[in-house]
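Have a look at the structure below, then the notes.
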Amino acid sequence: MPPAATVTDRAAVAVDRATAALTRLRRARLLHPAGRSFAGEVVVWGTPGPPTGVPLLDDPGRFRATVRLSKGVPTPGGWPDVLGLAVRLHLDAGRPFDLLVSSSGAAPLLRNLPLPRRRFAGTYSTIMPLRAGRRRLFLAALADPESPDLGRSLAEVAAAARADAPRLVLAVASAVGPWRPFGQVVLGAQLSAREDAALAFDPIGNLPPGLRAVGPIAWLREHTYRGSRRARGAVAQSGGSMGVTV
63 MPPAATVTDR AAVAVDRATA ALTRLRRARL LHPAGRSFAG EVVVWGTPGP PTGVPLLDDP
123 GRFRATVRLS KGVPTPGGWP DVLGLAVRLH LDAGRPFDLL VSSSGAAPLL RNLPLPRRRF
183 AGTYSTIMPL RAGRRRLFLA ALADPESPDL GRSLAEVAAA ARADAPRLVL AVASAVGPWR
243 PFGQVVLGAQ LSAREDAALA FDPIGNLPPG LRAVGPIAWL REHTYRGSRR ARGAVAQSGG
303 SMGVTV
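Position one of the sequence shown corresponds to residue 63 (the numbering used here), numbered consecutively onward.
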């Protein structure tokens, strides 16, 4: 029997290669190929109640952001699909913070399941838990009842961003606790199709100090995204205004 490290390494290479091959066959991102990207802003109010131990979530701040809303398969028009939201916080130093969340349920038993839906306003969660010290945390973007509606299609999302400044509420929760709002993300001007195609996010490597991704889903995500980026010729960047999504 080969050692466990060798088995893991071989599995990583296999996932990288399979993902790269499928991406080349599709000639687009393997996951969430259809999307719209926007300049944006993230305002962090701070975590209500007990702190998470992650300064970026606990301390008030304001950050430039790049935001992408997408469809997973994608299905036509306003048909149900697993919807995606990617938010890159451009930090003054070090790596950016890439938050990737998928349409899910809000309840504890549903926040780790990707759920198809029609409308872009709703609950998005990280699906996989993240670790802050010994704590397991989920991050989410929730519908803001006072925000302009995002609609049922990518065209309607773009129209909403042109007409106003749609918002989603950022929140954190334990595996079984309630969502605690700590900030908001605001959509601004739409980026060009070329800028959208060049974007790539790294939800495993681009996490803020104090927060880390662990477990088999994180491992699979890391190697799937890496293979897709390689096939697209995208380069994961440690910071700056551009970065990297599958």
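Even for Gly, the Cβ is constructed at its ideal location relative to N, Cα and C.
CA-to-CA distance, residue j to residue i, given in whole angstroms
| i | j | result |
| --- | --- | --- |
| L161 | T137 | 23 angstroms |
| A126 | S99 | For the sequence presented, residue 126 should be read as Arg rather than Ala. Cα-Cα distance, rounded: 14 angstroms. |
| H177 | S164 | Residue identity check: residue 177 is Leu in the sequence provided, not His. Each residue's alpha carbon lies about 8 angstroms from the other. |
| D211 | F182 | 8 angstroms |
| I189 | L175 | 6 angstroms |
| L87 | T109 | Bear in mind that a pLDDT of 47 at L87, under 50, signals an unreliable position, so the model cannot answer this. |
| D264 | R196 | 23 angstroms |
| D206 | G156 | 30 angstroms |
| V260 | R224 | It is worth fixing the name first, because residue 260 is Ala in this sequence and not Val. Cα to Cα, the separation comes out at about 22 angstroms. |
| V135 | L147 | 14 angstroms |
| G140 | K133 | 10 angstroms |
| L273 | A169 | 23 angstroms |
Identity of the residue in the options nearest residue i by Cα
| i | options | result |
| --- | --- | --- |
| G213 | R229, V234, L199 and P265 | R229 |
| L201 | S132, V104, P243 and K133 | P243 |
| L232 | A217, V144, V104 and R150 | V104 |
| V106 | P113, P95 and L118 | L118 |
| R150 | N268, T188, A222 and L273 | N268 |
| G250 | F263, P271, A221 and A262 | A221 |
| R193 | A101, G111, T68 and I266 | I266 |
Residue i - partner residues in DSSP beta bridges
| i | result |
| --- | --- |
| R242 | V234 |
| A221 | According to DSSP, A221 bridges with nothing at all. |
| V105 | R124 and Q246 |
| R157 | Note: R157 sits in no beta bridge, so no partner. |
| P265 | None, per the DSSP bridge assignment. |
| P176 | S166 |
Counted within 10 angstroms of its Cβ, other Cβ atoms place residue i as buried (16 or more) or exposed
| i | result |
| --- | --- |
| D154 | exposed |
| V234 | buried |
| S254 | exposed |
| V247 | buried |
| F159 | buried |
| P191 | buried |
| L145 | buried |
Below-8 angstroms beta-carbon distance, residue i vs any chain C residue
| i | result |
| --- | --- |
| F100 | The structure shown contains no chain C, having only a single protein chain. |
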